[in-house]
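Colleague: So the sequence shown is numbered by the numbering used here: it starts at 54 and just counts up by one.
All C-beta atoms, glycine included, are put in the ideal place defined by N, C-alpha and C.
Here it is, the structure, as structure tokens.
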Amino acid sequence: MPRAAALLVAGRLGIGDGVAGVASELAAGHGVPAAAAVAAAATLGEARAAFAALDSASRHGDWAGFARAYEALRRVLGAPPAQGRRP
54 MPRAAALLVA
64 GRLGIGDGVA
74 GVASELAAGH
84 GVPAAAAVAA
94 AATLGEARAA
104 FAALDSASRH
114 GDWAGFARAY
124 EALRRVLGAP
134 PAQGRRP
């Protein structure tokens, strides 16, 4: 059974099946800058939090909270602000 591996070498992050394969990929110049990987994980975490708030507000009929969470999710995803009123 393959084992997942993640290696950080010289500021680059590689993720894959097995240490040897990931090390080969990093040695060949593949992988992503570690800072980019951390930023992407943070953005995903922010998007999940905004979605959870949106979902909770919807279940509780808190439409003002829903609107705040919706705008937070739009910001995290880089979508422009909504224009005008929504029904």
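1) What residue range is occupied by the uninterrupted alpha helix (DSSP H) comprising Ala117?
2) Counting only the same chain and skipping the five closest in sequence on each side, list residues whose C-beta sits under 7 Å from that of Thr96.
3) Taking the DSSP output, what are the residues bridged to Asp70?
4) Let me check one thing: in DSSP terms, what residues is Pro86 bridge-paired to?
5) Let's test the definition: count the other Cβ atoms within 10 Å of the Cβ of Gly67 and tell me whether it reaches 16, buried, or not, exposed.
Modeller: Reading off the structure:
1) Here the question's residue 117 lines up with position 64 in the sequence shown. Start and end: 116-130.
2) For the purposes of this step, residue 96 is taken as the residue at position 43 of the sequence shown. Val129, listed in sequence order.
3) Indexing the sequence shown from 1 puts residue 70 at position 17. BP columns for Asp70 point to Ala57.
4) The residue given as residue 86 occupies position 33 in the sequence shown. For Pro86, which the question treats as bridged, DSSP gives the partners Arg65.
5) Here residue 67 refers to the residue found at position 14 of the sequence shown. With 16 or more other Cβ atoms within 10 Å, it is buried.
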